[in-house]
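Q: In order, the protein sequence lines correspond to chains A, U, B and L. Take the numbering used here: the final residue in the first sequence is number 229, and no numbers are missing along the way. Take the numbering used here: the final residue in the second sequence is number 924, and no numbers are missing along the way. Take the numbering used here: the final residue in the third sequence is number 237, and no numbers are missing along the way. Take the numbering used here: the final residue in the fourth sequence is number 62, and no numbers are missing along the way. All C-beta atoms, glycine included, are put in the ideal place defined by N, C-alpha and C.
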Amino acid sequence: MRAYRALLRKDLLLELRGRELVPAMVVFVVGALVLVRLGLGGERLAGGTRAATGLLWVVVVFTSMLALVRSFAQEREHGIWDGLLSAPADRSAIWAARASATFLFLGVTQAVALPLFWLFFLQDGRSPSLAVLAAALALADLGVAMLGALLAGLVSNVRAREVLLPVLFLPFALPLVSVAVRMTVDSIPPQNGGLGALHGLGFLALYDTIFALLGWALFEYVVED
Amino acid sequence: MSSPERAPAVRCDGLTRRYGERVALDAVSLTVAPGERLLLTGGNGAGKTTLLRVLATVLRPHAGEVAIDGHVLPRDARKVRPAIGYVGHEPLVYPALTARENLELYAALYGVGRERIEQVLELAGLNGRGADPAGELSRGLRQRLGLARAMLHSPSLLLLDEPTTGLDEDGRERLRGVLAAHRGAAVIATHEPDWFAGLEHGRLRLAAGKAA
Amino acid sequence: MNGSHRARPDRATAAATAAALLMALALAMIFFYVPTDVSEGYSQRIFYFHVPIALTTYFLFTWGAVNGARFLLKRDMSLDLKSYVPMHLGVIFGSLTLVTGSIWANIAWGTWWFWGDTQLTTFLIIFLFNCAYFMLRFSIEPGERRATFSAVYAVLGVGLIPLSVIGVHVAQTNDLIHPITFNENGANMDGSMFLTFLVALAAMITLSVTMYLIELRGKRIDDRLRAIRRLAGGEA
Amino acid sequence: MIDEFAVKSVAAVYGLAWVVTLAYIGILNAKMGRMERQLDEIAALMEHRAASDA
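Right, dumping it as structure tokens:
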């Protein structure tokens with residue numbers, strides 16, 4: 005447990021000092037939202053709130069990919085893997101710390117993105133319920149962070165990793181997003197009894213559990229050579 | 713020197729390790745008794761670093777058998793890691809973190825008390841530089857930080873990969889002091905074996921992955 | 002060259018014969034025994050190939066993942082091959098499923114692809130996963146590392162199958178169009194249809210097993226030939 | 009009252025299955041060709057060796 009805390013502290017310190025990831029993610033989100041807003045047409049938003057909510061999730065997925073591609077960059081570029089791997093600490097602590105750090109970074113970025121989402125997209129006062137959206141984002145971020153930490157470790161020293169990671173990550177993002185989009189879109193009043201938030205949250209919880217277990221169990225194989 | 717009942721500090725029988733198609737270590741066999749220091753010599757790419765990384769439980773052997781203190785790798789890797797101090801080509805520290813923060817991280821990974829940090833900083837002659845980011849330290853000072861990191865948990869087996877590179881006279885004296893005071897075994901890859909005169913118990917030359 | 006010259010049980014030929022017999026039986030039943038579906042008409046007969054091929058694809062992925070997991074535990078390189086071949090066959094059966102699915106969609110609903118349909122979307126996710134598996138495999142040099150990473154990703158994929166089946170189903174509320182083969186109260190088909198379906202499924206799975214065994218045999222012969230060549234070349 | 013289009017579709021599906029199987033047989037054939045070439049090389053090497061021994 006002490007190893008996990010120290011590794012997480014290290015990741016947060018590196019980001020605080022380097023400020024390399026979160027600022028870039030925030031700028032990316034803003035840029036993407038603007039791009040999407042313009043893409044959907046000037047005054048009247050084609051597809052209304054439903055389209056906007058769906059597209060928010062597209063931006064969320066691509067932003068998280070940005071965070072994952074830079075995971076373990078420090079360890080790779082400065083050859084620090086040998087130090088972590090020769091230490092007796094359990095290697096899934098490395099995975100857990102990386103996942104927690106990514107989860108926090110995604111959270112910070114989305115805390116910025118949500119107000120902007122309101123600003124850019126919602127004109128007619130109808131918006132998805134904040135509670136449902138926040139819960140879905142939290143659970144989705146957790147799943148993305150845990151799966152992402154495993155995949156980032158896997159491609160850490162593989163050629164063309166910047167291209168490979170999104171390709172490996174995308175199939176797993178599809179079921180997650182399809183439920184998250186459905187759930188948040190259905191939470192837009194008037195609620196016509198679409199996918200209940202509980203159903204959606206249940207699925208996201210299942211998703212997180214599966215990739216918590218697989219991430220924890222498989223990380224050992226991913227970092228050893 | 714070697715007491716028969718205690719398992720050898722390091723034992724390799726026909727250790728083989730490949731990188732893709734290339735054979736980096738080709739059936740290397742060696743034994744280091746407890747308390748003995750073995751020098752690894754040989755040109756670049758002879759396999760010295762690969763051998764050290766296998767012993768440091770970072771690389772898995774592809775064939776043959778490797779055992780540290782009688783524990784067979786890679787099965788018992790977790791058991792032996794607390795006893796191994798590994799200094800690689802790289803100092804294995806985060807440049808953006810200060811020397812002390814790096815040591816705090818490794819102290820947590822090795823489950824070692826924080827007071828040990830000041831001791832190893834002192835040992836490596838870095839006592840004034842604890843708060844400097846590792847990236848701003850000179851090549852030699854970073855090499856000393858790597859040595860300090862490896863000594864944090866008072867390992868019984870030292871694995872040093874060309875530890876003298878980049879060290880100034882004072883640094884070399886401190887390294888000599890550490891080695892002289894070290895009771896356990898050591899495997900040291902070096903291009904200047906003669907510098908270790910008086911400290912070494914044997915040498916093994918590697919050429920193209922084979923014990924020459 | 003391993004000196005095992007014991008008569009190896011020729012499973013490939015046995016499987017091939019079984020596959021041929023089952024396939025013949027299935028075709029006979031599909032075209033001569035089972036009645037035309039009352040509501041969907043003649044085109045419903047595509048079902049007897051499309052769904053078995055899709056299920057075989059899932060079967061192949063699971064098989065590849067199981068062998069991948071076994072490789073991670075045992076580190077035996079032959080298991081890497083036994084994990085790779087089912088994934089490789091999964092692509093063939095997967096493509097066939099998507100194409101036959103589109104043909105059926107075209108006749109049944111008038112569109113080549115219907116996003117509202119859970120089965121097709123789920124399958125596409127799995128198919129994308131398969132392509133990602135090969136992208137990963139081709140970007141690492143052959144060796145134990147490639148085997149380990151491929152095995153890890155294959156095992157991850159098994160997690161994906163239930164998730165995409167449930168996820169897409171949960172997310173799609175308007176899935177009234179795609180005929181549900183199996184729902185809560187078992188197969189909603191009458192006796193003869195279900196029997197034909199089972200025979201077709203058995204034929205398809207046996208066919209995939211045959212292809213698996215043939216590929217393994219081919220690889221074994223390849224390796225041994227290369228070894229002999231080294232021997233012959235070595236001393237010449 | 010046979011629905012022409014339906015029959016064509018069904019034929020397309022089953023025909024496709026055969027085409028894929030035949031393509032697979034083609035791949036196997038190519039693989040065997042490679043093996044044959046390797047055997048020829050080995051045979052040549054062995055003959056060369058037999059000649060040099062004699």
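Any C-beta of chain A within less than 7 Å: which residues of the segment 716–728 of chain U qualify?
A: Residues passing the 7 Å Cβ filter: none.
Q: Report buried or exposed for R765(U), applying the criterion of at least 16 other Cβ atoms within 10 angstroms of its Cβ.
A: Taking the second sequence and counting its residues from 1, the one referred to as residue 765(U) is at position 53. When all chains shown are included, R765(U) counts as buried.
Q: On the DSSP letters alone, give me the boundaries of the beta strand (DSSP E) that Y731(U) sits inside.
A: Sequence index remark: in the second sequence, residue 731(U) carries index 19 (1-based). Its beta strand (DSSP E) spans residues 722–731.
Q: Throw me the rounded Cβ distance for the L123(A) and T188(A) pair, which I believe falls under 8 Å.
A: Along the first sequence, read from residue 1 onward, the residue named residue 123(A) stands at position 119. Along the first sequence, read from residue 1 onward, the residue named residue 188(A) stands at position 184. About 18 Å; that fails the 8 Å criterion.
Q: Do we get a CB-CB distance below 8 Å when we pair M88(B) with the residues of chain A?
A: For this step, residue 88(B) is matched to residue 87 along the third sequence. Chain A contact via Cβ: absent.
Q: What does the alpha-carbon distance come out to for the pair D86(A) and L11(A)?
A: Within the first sequence, residue 86(A) is the residue found at index 82, counting from 1. Within the first sequence, residue 11(A) is the residue found at index 7, counting from 1. So the two alpha carbons sit approximately 15 Å from each other.
Q: Can you give the beta carbon distance from S84(B) to N68(B), rounded, assuming they're within the 8 Å contact cut?
A: Locating residue 84(B) in the third sequence gives position 83, where the first residue counts as 1. Locating residue 68(B) in the third sequence gives position 67, where the first residue counts as 1. Right, their Cβ atoms sit about 4 Å apart.
Q: DSSP beta-bridge partners for V832(U)?
A: Counting from 1 along the second sequence, the entry for residue 832(U) is found at position 120. Bridge partners of V832(U): none, in fact.
Q: I need the straight-line Cα distance from F60(B) to M205(B), nearest angstrom please.
A: Residue 60(B) sits at position 59 when you count from the first residue of the third sequence. Residue 205(B) sits at position 204 when you count from the first residue of the third sequence. One C-alpha to the other measures close to 11 Å.
Q: Rounded to whole angstroms, what's the CA-CA distance from A846(U) to L859(U)? Just pull it up for me.
A: What you label residue 846(U) is simply residue 134 of the second sequence in a count that begins at 1. What you label residue 859(U) is simply residue 147 of the second sequence in a count that begins at 1. The alpha-carbon atoms of A846(U) and L859(U) are separated by roughly 13 Å.
Q: Count the other C-beta atoms from every protein chain shown that fall within 10 angstroms of the C-beta of N814(U), then say buried if there are 16 or more, exposed otherwise.
A: Residue 814(U) sits at position 102 when you count from the first residue of the second sequence. The residue in question, N814(U), is buried, as its Cβ has 16 or more Cβ neighbours within 10 Å.
Q: Under a CB-based cut-off of 8 Å, is L47(L) close to chain B?
A: Locating residue 47(L) in the fourth sequence gives position 39, counting from the first residue. Answer yes: the Cβ-Cβ gap between L47(L) and chain B drops below 8 Å somewhere.
Q: Three-state secondary structure (DSSP) at L871(U)?
A: Here residue 871(U) is taken as the residue at index 159 of the second sequence, counted from 1. Looking at L871(U) - three-state DSSP - the assignment turns out to be strand.
Q: What residue range does the alpha helix (DSSP H) around Y822(U) cover?
A: Mapped onto the second sequence, residue 822(U) falls at position 110. Segment 811–822, the alpha helix (DSSP H) holding Y822(U).
Q: Which residues of the segment 747–779 of chain U have a Cβ closer than 9 Å to any Cβ of chain A? Give them in chain order.
A: R765, A768, T769, V770, L771, R772
Q: Apart from the five residues on each side of it in sequence, which residues of its chain come closer than 8 Å, Cβ to Cβ, to G837(U)?
A: By one-based count along the second sequence, residue 837(U) stands at place 125. Excluding positions up to five away in sequence, the list reads R856, D882, G883, R886.
Q: What does G144(B) touch in chain U if you count any residue whose Cβ is under 7 Å from its own?
A: Translated into positions along the third sequence, residue 144(B) becomes position 143. Those within 7 Å of G144(B) in chain U are R730, G732.
Q: Using a Cβ-Cβ cut-off of 8 Å, state whether Y43(B) counts as contacting chain L.
A: For the purposes of this step, residue 43(B) is identified with residue 42 of the third sequence, where counting begins at 1. Chain L, which has a Cβ nearer than 8 Å to the Cβ of Y43(B), makes this yes.
Q: By how many angstroms is the C-alpha of L849(U) removed from the C-alpha of P807(U)?
A: Reading the second sequence from its first residue, position 95 is the one you call residue 807(U). Reading the second sequence from its first residue, position 137 is the one you call residue 849(U). If I take the Cα positions, the gap works out to 9 Å.
Q: Just to make sure I have the definition right: I need the residues of chain U whose C-beta is within less than 7 Å of the C-beta of R21(A). Which are they?
A: The sequence position of residue 21(A) within the first sequence is 17, counting from 1. Correct list: A808.
Q: Could you check what DSSP says for G144(B) in three-state terms: helix, strand or coil?
A: Here residue 144(B) refers to the residue found at position 143 when the third sequence is read from its first residue. DSSP places G144(B) in coil when its eight states are reduced to three.
Q: Use the C-beta contact count for L23(A): other C-beta atoms within 10 angstroms, 16 or more gives buried, fewer gives exposed.
A: The residue you call residue 23(A) lines up with position 19 of the first sequence. Reading off the sequence shown, one finds Arg at residue 23(A), where the question assumed Leu. In this structure R23(A) is exposed. Its beta-carbon is surrounded by fewer than 16 other beta-carbon atoms within 10 angstroms.
Q: Could you tell me the distance, in whole angstroms, from the CA atom of V181(A) to the CA atom of I93(B)?
A: In the first sequence, the residue the question calls residue 181(A) occupies position 177. In the third sequence, the residue the question calls residue 93(B) occupies position 92. Approximately 27 Å, taken between the alpha carbons.
Q: May I have a chain-ordered list of the beta strand (DSSP E) segments no shorter than 3 residues that lie completely inside the segment 124–211 of chain A?
A: none
Q: Mark Y34(B) as exposed unless 16 or more other C-beta atoms lie within 10 angstroms of its C-beta, in which case mark it buried.
A: On the third sequence, position 33 is the one that residue 34(B) refers to. So Y34(B) ends up on the exposed side.
Q: Show which residues of chain L have a CB atom less than 9 Å away from the CB atom of D11(B).
A: Working through the third sequence from its first residue, we reach residue 11(B) at position 10. For D11(B), no chain L residue has a C-beta closer than 9 Å to its own C-beta; the minimum C-beta separation is roughly 16 Å.
Q: Going by beta carbon distance, what residues of the same chain come within less than 8 Å of P905(U), once the five residues before and after it are set aside?
A: Counting from one through the second sequence, the residue named residue 905(U) turns up at place 193. Excluding sequence neighbours, P905(U) sits near L751, T753, E912, R915.
Q: Does R21(A) come out as helix, strand or coil in the three-state DSSP assignment?
A: In the first sequence, the residue the question calls residue 21(A) occupies position 17. Helix at R21(A).
Q: Indicate the three-state DSSP secondary structure (helix, strand or coil) for Y22(L) in the structure shown.
A: Position 14 of the fourth sequence holds residue 22(L). Helix.
Q: Is G840(U) helix, strand or coil by DSSP?
A: Numbered from 1 along the second sequence, position 128 holds the residue referred to as residue 840(U). In the structure shown, G840(U) sits in a helix (DSSP, three-state: H, G or I).
Q: For my contact list, S17(L) and I108(B) are in at a C-beta cut-off of 8 Å; report their separation, rounded to the angstrom.
A: For the purposes of this step, residue 17(L) is identified with residue 9 of the fourth sequence, where counting begins at 1. For the purposes of this step, residue 108(B) is identified with residue 107 of the third sequence, where counting begins at 1. With 8 Å as the limit, S17(L) and I108(B) qualify as a contact, their Cβ atoms being about 4 Å apart.
Q: Would you say T821(U) faces chain A, with C-beta separation under 8 Å as the test?
A: As a first step, residue 821(U) must be located in the second sequence, where it is residue number 109. The sequence given here has Leu at residue 821(U), not Thr. So yes, L821(U) belongs to the interface.
Q: How about L178(A) and I162(B): are their beta carbons less than 8 Å apart?
A: Here residue 178(A) refers to the residue found at position 174 of the first sequence. Here residue 162(B) refers to the residue found at position 161 of the third sequence. Contact: no.
Q: Check for me: the alpha helix (DSSP H) holding T18(B) runs from which residue to which?
A: Sequence index remark: in the third sequence, residue 18(B) carries index 17 (1-based). Run containing T18(B): 12–29, per the alpha helix (DSSP H) assignment.
Q: With distances taken Cα to Cα, identify the nearest neighbour of R828(U) among S866(U), R734(U), T769(U).
A: Here residue 828(U) refers to the residue found at position 116 when the second sequence is read from its first residue. Ranking S866(U), R734(U), T769(U) by Cα distance to R828(U) puts S866(U) first.
Q: Would A149(A) and A103(A) be called neighbours here (beta carbons separated by less than 8 Å)?
A: The residue you call residue 149(A) lines up with position 145 of the first sequence. The residue you call residue 103(A) lines up with position 99 of the first sequence. Yes, Cβ-Cβ distance for A149(A) and A103(A) is below 8 Å.
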